[in-house]
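Same order as they appear, the protein sequences are chains A and B.
Sequential numbering from 213 applies to the first sequence in the numbering used here.
Sequential numbering from 883 applies to the second sequence in the numbering used here.
Only one structure is covered here, and it is reproduced in the block below.
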Amino acid sequence: MFNTFKNLILIVSASLVLIACGQQGGGAGSKKSKTLQNTQKAGFVKCGVSQGLPGFSNADTAGNWSGIDVDVCRAVAAAVLGDADKVKYTPLSAKERFTALIAGEIDILSRNTTWTLSRDADIGLTFVGVNFYDGQGFMVRKNSGINSVNDFQSGISACTNTGTTTELNMRDFFNSKNISYEPIAFEKADEVVAAYDAGRCDTYTTDKSGLAAQRTKMTAPDDHKVLPETISKEPLGPVVRQGDAVWEDIVRWSLNVMIEAEEYGITSSNASSLKDSENPQIKRLVGSEGELGSAFGLDNEWSLRIIEQVGNYGEIYEKHIASTGIMPDRGPNELWTKGGILYVAPAR
Amino acid sequence: MNLKTFSLDLKNKKRLIPQVLTLLFIVLLISYFTFNAQVNMDNRGIAFGFGFLTQEASFDIGFSLIDYDGSRSYARAFLVGLLNTLLVSVIGIIIATLIGVTVGIGRLSSNYLVAKFAEVYVEIFRNIPLLLQLFFWYFAALRALPLPEQAMNFNDISYLTVKGWYVPKFIWTNFSIFIYSVIAAFIAIIFVSKHAKKQREEFGKHIPSFYIGITLLFALPFLSFLIGGVELEFEIPVLKQMSATIFNFRGGVSIIPELMALAMALSMYTATFIAENVRAGILGVGKGQKEAAASIGLTKAQILKLVVLPQALRIIIPPTTNQYLNLTKNSSLAAAIAYPDIVLVFAGTALMQTGRAIEIVSITMGTYLLLSLSISSFMNWYNQSVAIKEK
Ligand SMILES: N[C@@H](CCC(=O)N[C@@H](CS)C(=O)NCC(=O)O)C(=O)O
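Structure (structure tokens):
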């Protein structure tokens, strides 16, 4: 008899938990952003990053993250929480990243992720913009005698990351050249590099920025080179869950503000002094004109905080990508006014 | 699973209530999760369905036992992954059993060095996390193995390199006839051993069934070559230069280093547990049994084969079944070193490319469940066949 009773209590209490969870789970389509509310309640932005890609998202020995992908999350934290440091980073492999975002473990995925149609449409994700225009390339050993992708021959073995666009592009590329190849796909980038370094594969293929960044981790970086060809378009940018339009806008415009700030010459050091600028667009960006923040339920200084605490795109690029020697030349990631393709909608 | 425990005891109402409630609770729980998943997926615009399985996979896999390339379907990619999982599990189980039995017997050796060595082996390999061992074997292998142009050469037909172990490829004509001859040999062996047993039990006559069996196993397939029209040719790997410093072998079959390292790590690790089972099993057979057997004049080999092993096996098999299951499940660590098993290929790449998390994860879980159930029912069957039958 006692056992029956105990069982009953267990069942009832378990059902109560379930009902409670059920109520919490609902509530789609409201005008307010659930993600924003949760973020403000928690006091930090939940940000998914790579497991270590210098220049993009990389942790130092003390566990401090930096890079241009990290700065997207920092910008959002500055905008919605007032402090760019209030970010919780979750390192994710290429394979895990979308599941983590969909499951709500993170609210922004900023991890050198390529914007493609099927990702955007298929899996409940939304891409908000591009913070780095990239393309896939190949790395080979300098002494290999291979100077161009046209020197590749059938039988070549290629190491890469699993669950990436790289895996798909590689197949298209080798097929179009009629070259049979051996793909070796690892879950973690460190293992790819180690296997390539040990001679398991003849070439290492991924985003060119990734190649440049990973090369800095190799035992003898100077023994390797990146081939000149680019075999794909890899627009890398932050991703959010589908279904929270306000949060999506916040992340998109936090990124846009950094790029537009560079366009108007607003930097982390001069931003607050530009409040009385002649130029109305500059005034809007530093929050002394208009009410841009209210559209997302934020105050008017949100964009000023981004520029002051994180910097404009040019400053970020210089700090993480150029001065570290990863890609000194901005190439397509230069402003449209300076011959690049960085062009964002105006914040007004 | 014992079905009797599930049947409701109608006479005893007190027991009936909790059973019905538990059942109700489980049904509710499952429907709740299904419903919630459905709602959440609808909200996020995710459709549920298995139609994607017939779509083109569009990614390649480096190592496959069957014909595959990216133009085949996701279902085919699943099959490639499954077969690779089976391959490494079977190899792992065989090697782990061999090492395990040897080490287990070694631990009981009267030779101090042998016993100590076996003990140290068990302690080391049992206590280091498997993933670490896997990385150790993989990167140790990659560091130790030579580049193709300096390959370790075995009689000009087989080469060991950092890119794999290249062995001749068998090219068969009339392969099915060969297979039939092997099956015929096995059937013949079963008959011979049945007959031998009868002769021994009824007339006390000893027929060397083991040697007859071996002879049959070779003779019948040999005949299939002589008169059955079976032919076997070998394709021998040859070194090819692909650029100034890049060489590789073409032709033949490549046993990739990922497979070697994974099989090595799995079997070295699992062998420690099997060794302990074997030791416990042998110790579990009473001393009196051996002494009694010796007193009726059985030789040492006969004592081991006829008295100790049959009894020890009954102690060894159930926990060893568990180890076989563990090994199979542990093979999913493959993804860490790029061995394309079912987790890497299907629950990894295919999941990423399709976004079908729920479908793919349930298929993968179902597959592992099925694998585990098959292994344990096979082992149960084997266990019953060695169990002492009361007469
Ligand atoms: N942009 C590609 C590739 C992304 C990717 O995973 N790249 C690797 C190599 S650069 C990486 O980020 N590795 C770092 C890590 O493992 O966290 C994609 O979105 O599929």
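Ideal placement from N, C-alpha and C gives every residue a C-beta, glycine not left out.
Taking 7 Å as the CB-CB cut-off, is GLY347 of chain A touching chain B? No, GLY347 of chain A does not count as interfacial toward chain B.
Residues near GLY952 of chain B in its chain [Cβ-Cβ closer than 8 Å; skip 5 each side]: Take GLY952 of chain B, set aside five residues on each side of it, and the residues of its chain with a beta-carbon closer than 8 Å to its own are GLU938, ALA939, SER940, PHE941, ASP942, in chain order.
Contained alpha helix (DSSP H) runs [length at least 4] in the region 443–493 of chain A, N- to C-terminal order: List check, alpha helix (DSSP H) in window: 457–475.
For the beta strand (DSSP E) containing GLU1113 of chain B, list its first residue and its last residue. Run containing GLU1113 of chain B: 1113–1117, per the beta strand (DSSP E) assignment.
Local conformation of LYS258 of chain A per DSSP, three classes: Residue state, collapsed to three classes: strand.
I think TYR393 of chain A touches ILE368 of chain A, with their Cβ atoms under 8 Å apart; what is that distance to the nearest whole Å? Contact between TYR393 of chain A and ILE368 of chain A holds: their C-beta atoms lie close to 5 Å from each other, under 8 Å.
Using three-state DSSP, classify ASP346 of chain A as helix, strand or coil. ASP346 of chain A: strand per DSSP, three-state reduction.
Name the one or two DSSP bridge partners that PRO395 of chain A has. A:ALA370, per the DSSP bridge assignment.
List the residues of chain A that PHE1018 of chain B touches, going by C-beta distances under 9 Å, in chain order. Within chain A, no C-beta atom comes less than 9 Å from the C-beta of PHE1018 of chain B; the nearest is roughly 12 Å away.
Whole angstroms are fine: how far does the CA of PHE1018 of chain B sit from the CA of LEU1209 of chain B? Straight-line Cα distance between these residues: approximately 18 Å.
Which chain B residues are close to GLY357 of chain A, counting only those with a beta carbon under 8 Å from its beta carbon? Going along chain B in sequence order, the residues near GLY357 of chain A (Cβ under 8 Å) are SER1125, ALA1126, THR1127, ILE1128.
C-beta contact flag for THR328 of chain A and ILE318 of chain A at 7 Å: Their beta carbons are not under 7 Å apart, which means THR328 of chain A does not touch ILE318 of chain A by this criterion.
At a Cβ threshold of 7 Å, is LEU1029 of chain B touching chain A? Contacts with chain A at 7 Å (Cβ-Cβ) include LEU1029 of chain B.
Under 8 Å by Cβ, that's how I've got LYS307 of chain A and MET1234 of chain B pegged, so tell me the actual separation to the nearest angstrom. Contact check for LYS307 of chain A and MET1234 of chain B: beta-carbon distance about 6 Å, within the 8 Å limit, so the pair qualifies.
Are any of the Cβ atoms in chain A nearer than 7 Å to that of ALA1217 of chain B? Yes, ALA1217 of chain B counts as interfacial toward chain A.
Opposite GLN1046 of chain B in the DSSP bridges: which residues? The residue you asked about is not Gln; residue 1046 of chain B is Gly in the sequence shown. In the DSSP output, where bridge partners are listed per residue, GLY1046 of chain B has B:THR1043.
Between which two residues does the alpha helix (DSSP H) containing MET1261 of chain B stretch? Unbroken alpha helix (DSSP H) run through MET1261 of chain B: 1239–1268.
Ordered list of alpha helix (DSSP H) runs contained in the region 1158–1240 of chain B, each at least 4 residues: If only uninterrupted alpha helix (DSSP H) runs of at least 4 residues are considered, those enclosed by the region 1158–1240 of chain B are 1169–1177, 1191–1212, 1233–1236.
Nearest-angstrom Cα distance between VAL996 of chain B and PRO1050 of chain B? Going by C-alpha positions, VAL996 of chain B is about 37 Å away from PRO1050 of chain B.
For TYR1206 of chain B, which residues of its own chain have a beta-carbon under 6 Å away from its beta-carbon, when the five flanking residues on both sides are left out? Sequence-distant partners of TYR1206 of chain B (beyond 5 residues in either direction) whose C-beta falls short of 6 Å from its own C-beta, in its chain, are ILE975, ILE1257.
Given that a residue counts as buried once 16 or more other Cβ atoms are within 10 Å of its Cβ, and exposed if not, what is MET1034 of chain B? Note on MET1034 of chain B: under 16 other CB atoms within 10 angstroms of its CB, so exposed under the neighbour-count rule.
Which residues of the region 297–329 of chain A have a Cβ closer than 8 Å to any Cβ of chain B? Give them in chain order. Taking 8 Å as the Cβ-Cβ cut-off against chain B, the residues of the region 297–329 of chain A that qualify are ALA306, LYS307, PHE310, THR311, ILE314.
Could you list which residues in chain A have their beta carbon closer than 7 Å to that of PHE941 of chain B, in chain order? Simply GLU379, LEU380, ARG383.
Could you check what DSSP says for PHE268 of chain A in three-state terms: helix, strand or coil? If DSSP states are grouped into helix, strand and coil, PHE268 of chain A belongs with coil.
Could you tell me whether the Cβ of MET1234 of chain B comes closer than 7 Å to any Cβ of chain A? Interface flag for MET1234 of chain B against chain A is set, since a Cβ pair is found closer than 7 Å.
Taking contact to mean at least 3 C-beta pairs separated by less than 8 Å, is the region 1080–1089 of chain B in contact with the region 1100–1117 of chain B? Flag = no, the region 1080–1089 of chain B and the region 1100–1117 of chain B do not touch.
Any C-beta of chain B sitting closer than 7 Å to the C-beta of ASP332 of chain A? Put simply, the CB of ASP332 of chain A is far from chain B, with every gap to its CB atoms at 7 Å or more.
What residue from B:ASN1204, B:ILE1242, B:ASP1223 has the CA that sits closest to SER1254 of chain B's CA? The candidate whose alpha carbon is nearest that of SER1254 of chain B is B:ASN1204.
For GLN1123 of chain B, does the three-state DSSP call read helix, strand or coil? Of the three classes helix, strand and coil, the one that applies to GLN1123 of chain B here is strand, per DSSP.
Between which two residues does the alpha helix (DSSP H) carrying THR326 of chain A extend? Run containing THR326 of chain A: none; DSSP gives neither H nor E here.
Ligand 1 and GLN1266 of chain B: does the residue's C-beta get closer than 6 Å to at least one heavy atom of that ligand? Annotation for GLN1266 of chain B indicates a beta carbon at 6 Å or more from all heavy atoms of ligand 1.
Option nearest THR1236 of chain B by Cα separation, candidates A:SER330, A:ILE518, A:SER356: For the residues A:SER330, A:ILE518, A:SER356, the minimum Cα distance to THR1236 of chain B belongs to A:SER330.
How about TYR1151 of chain B and LEU1012 of chain B: are their beta carbons less than 7 Å apart? Against a cut-off of 7 Å, the Cβ pair of LEU1012 of chain B and TYR1151 of chain B comes out as a contact.
Nearest by alpha-carbon distance to GLY988 of chain B: which of B:ALA1157, B:THR967, B:ILE1242, B:ALA1239 is it? Taking only the C-alpha atoms, the option nearest GLY988 of chain B is B:ALA1157.
With 7 Å as the limit, tell me which residues of the region 1040–1073 of chain B have their beta carbon closer than that to any beta carbon of chain A; keep them in chain order. Taking 7 Å as the Cβ-Cβ cut-off against chain A, the residues of the region 1040–1073 of chain B that qualify are VAL1044, LYS1045.
With distances taken between CB atoms, is the gap from THR338 of chain A to VAL261 of chain A smaller than 7 Å? No. Outside cutoff.
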